[in-house]
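Residue numbers (my numbering): 2 to 374. Built from N, CA and C at the ideal position, the CB exists for glycine as well. No experiment lies behind these values; they were computed from the predicted model shown. Below is one structure, written out as structure tokens, with a few remarks after it.
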């Protein structure tokens, strides 16, 4: 029997790939999995990756080849927020040329209803599979990932975007993102150590403010939640908008200093209840997975994607499903005043993360599905 081998094609930012790389690296010991990292494009997928209309999406596309028992599978993990696609304008959450070529297309914000009503997706629906949401980690393979600090993507024949709505801006910008990602993130073990930090905050809701006009409705709804939380004088709350730029005057009263990853993690870990609101695209955000990893109880808006998770873990339905700001805040207050319920939900969230959503469990899930294709 051949030793199973995994090749990671380093086309994405470490921010998006590190969680899954950490999981596969954990299997290096338990499954004798050999891992190779390369910046060179695979011949089979080269045309798809070099398609100029879609290269702007590559920063969040995590691309692999798995080989076992003389068989091979090309697969990608699409970590984009959006669950739809606009084939004409080459936008949305799917990289259609890759979808057409890979053997399996794992989608973080997986929504079967959107797939079923979108012809460009429905015809490939049998290879689109849901996968756990990520949060950035310090990658275990620092050395090979550092190669991109001196070797720009253009040397290997492609020009990826650098972030959402941020086109490629040359080698120095690409290297800056790579260096920042390699330096700033914590390991999974460091993050999970925060599970045991004492809880001295009742309700936590700090979120980014988006200044684009199309986001105003969402920002207003988040503001309503903050206003209602600010009016509570019997509980300790930490709330507010963070922003690189000054907030509009009407939101100035709920401004909160920006939190780096460590500061956010520590504050979240100190909180008994976490308010969760959907990402801008109605997506499941990385804050969901981080709250589960830390075992926080949640009062949140619906999880609009990955419906199989709600089916498998009914305790999530009690925490996610509140669209009205009044209902959302009232649920947070109920949980804050019911420590037994809060502890039970937190314990269930931790167990779900450890048994199904953690990097190693996610990696195991991927390999199990691949060999069935």
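- The stretch 202–216 makes no contact with the stretch 301–315: fewer than 3 CB pairs, one atom from each, lie closer than 8 Å.
- Per DSSP, the beta bridge partners of residue 129 are 106.
- Pairing residue 285 with residue 333 gives a Cβ-Cβ distance that is not under 8 Å.
- Boundaries of the beta strand (DSSP E) around residue 75: 72–79.
- Under the rule that a run must span 3 or more residues, the beta strand (DSSP E) segments found entirely inside the stretch 212–295 read 238–243, 272–277.
- As for any alpha helix (DSSP H) of minimum length 4 sitting wholly inside the stretch 143–209, the runs are 143–146, 172–185, 189–193, ordered along the chain.
- In this chain, the beta strand (DSSP E) harbouring residue 69 covers 62–69.
- Beta-bridge pairing by DSSP links residue 10 to 39, 64.
- Residue 53 counts as exposed, since fewer than 16 other C-beta atoms from the protein chains shown sit within 10 angstroms of its C-beta.
- In the structure shown, residue 24 adopts helical secondary structure according to DSSP, grouped into three states.
- The three-state reading of DSSP puts residue 347 in helix, counting H, G and I together.
- For residue 87, the pairing in a beta bridge is given by DSSP as 92.
- Relative to residue 142, the option among 187, 318, 26, 192 whose CA is nearest is 26.
- The stretch 320–327 and the stretch 296–305 touch, with three or more beta-carbon pairs separated by less than 8 Å.
- Residue 109 sits close to residue 132, with the two beta carbons spaced by under 8 Å.
- From the listed residues 224, 260, 263, the smallest Cα separation to residue 248 is found for 224.
- For the pair residue 170 and residue 163, the CB atoms are nearer than the 8 Å cut-off.
- Beta-bridge pairing by DSSP links residue 300 to 276.
- Remark: C-beta atoms of residue 79 and residue 107 approach each other more closely than 8 Å.
- Residue state for residue 136 is assigned as coil, using DSSP reduced to three classes.
- Burial is judged here by how many other beta carbons sit within 10 angstroms of a residue's own beta carbon; residue 348 has fewer than 16 and is exposed.
- Using a C-beta cut-off of 8 Å, the stretch 27–35 makes no contact with the stretch 326–346, since fewer than three inter-stretch Cβ pairs fall below that distance.
- Here the alpha carbon of residue 272 sits roughly 32 Å from the alpha carbon of residue 94.
- The beta carbon of residue 84 sits closer than 6 Å to the beta carbons of 94, 110, 112, 115, 306 from its chain, once the five residues preceding and following it are set aside; these are given in chain order.
- As DSSP reads the structure, residue 321 sits in a beta bridge with 301.
- Collapsing the DSSP output to three states places residue 16 in a helix.
- For the 8 Å CB-CB criterion, residue 20 and residue 42 do not form a contact.
- Considering only 64, 6, 45, the residue with the shortest C-alpha distance to residue 37 is 6.
- For residue 335, the uninterrupted alpha helix (DSSP H) run begins and ends at 326–337, by DSSP.
- If you draw a straight line from the Cα of residue 98 to the Cα of residue 239, it is about 44 Å long.
- Membership of residue 368 in the alpha helix (DSSP H) is indicated by the continuous run 360–371.
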